[in-house]
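For the sequence shown, the positions run 5 to 98 when this note's numbering is used.
I have placed the structure first, in the form of structure tokens, so that the comments after it can refer back to it.
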Amino acid sequence: MAEQEQMSYGTFEATLERSKKLEQDLQQNPAKYKVLTGDRPTGRLHIGHLFGSIQNRVRLHKMGVPTFIVIADYQVLTDRDTFENIADNIQQLT
């Protein structure tokens, strides 16, 4: 059997192989995929946001993958002491 056929799909190597195939297909057929993600307007953006998700979102968007970003969070109304910065935080995210 070929190495790929022998590989258990619960292994790290199998995950890497699937990721490579997905990345290749993304580059060839970006419109086949969609990104739906979001942010909570609980504070200002920081460097962790950039490396954690924004950098990859921008990369996928530039490839032509339709991207939808939700900025909505009812929980922000219940887990913060004050609402005065919410509007500023939302503006900063957009």
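From the three backbone atoms N, C-alpha and C, an ideal C-beta is built for every residue, glycine too.
Environment of residue i [buried if 16+ CB atoms lie within 10 Å]
i   : result
P70 : exposed
Cα-Cα separation, residue i to residue j
i   : j   : result
D29 : L54 : 25 Å
Q95 : A76 : 12 Å
L20 : E88 : 45 Å
I58 : V74 : 13 Å
F16 : R44 : 31 Å
L49 : G56 : 11 Å
D92 : F72 : 21 Å
K36 : R63 : 16 Å
G42 : L97 : 10 Å
G52 : V39 : 20 Å
A18 : I90 : 43 Å
Q31 : K25 : 10 Å
T46 : N60 : 21 Å
Identity of the residue in the options nearest residue i by Cα
i   : options       : result
P34 : T41, R61, M67 : M67
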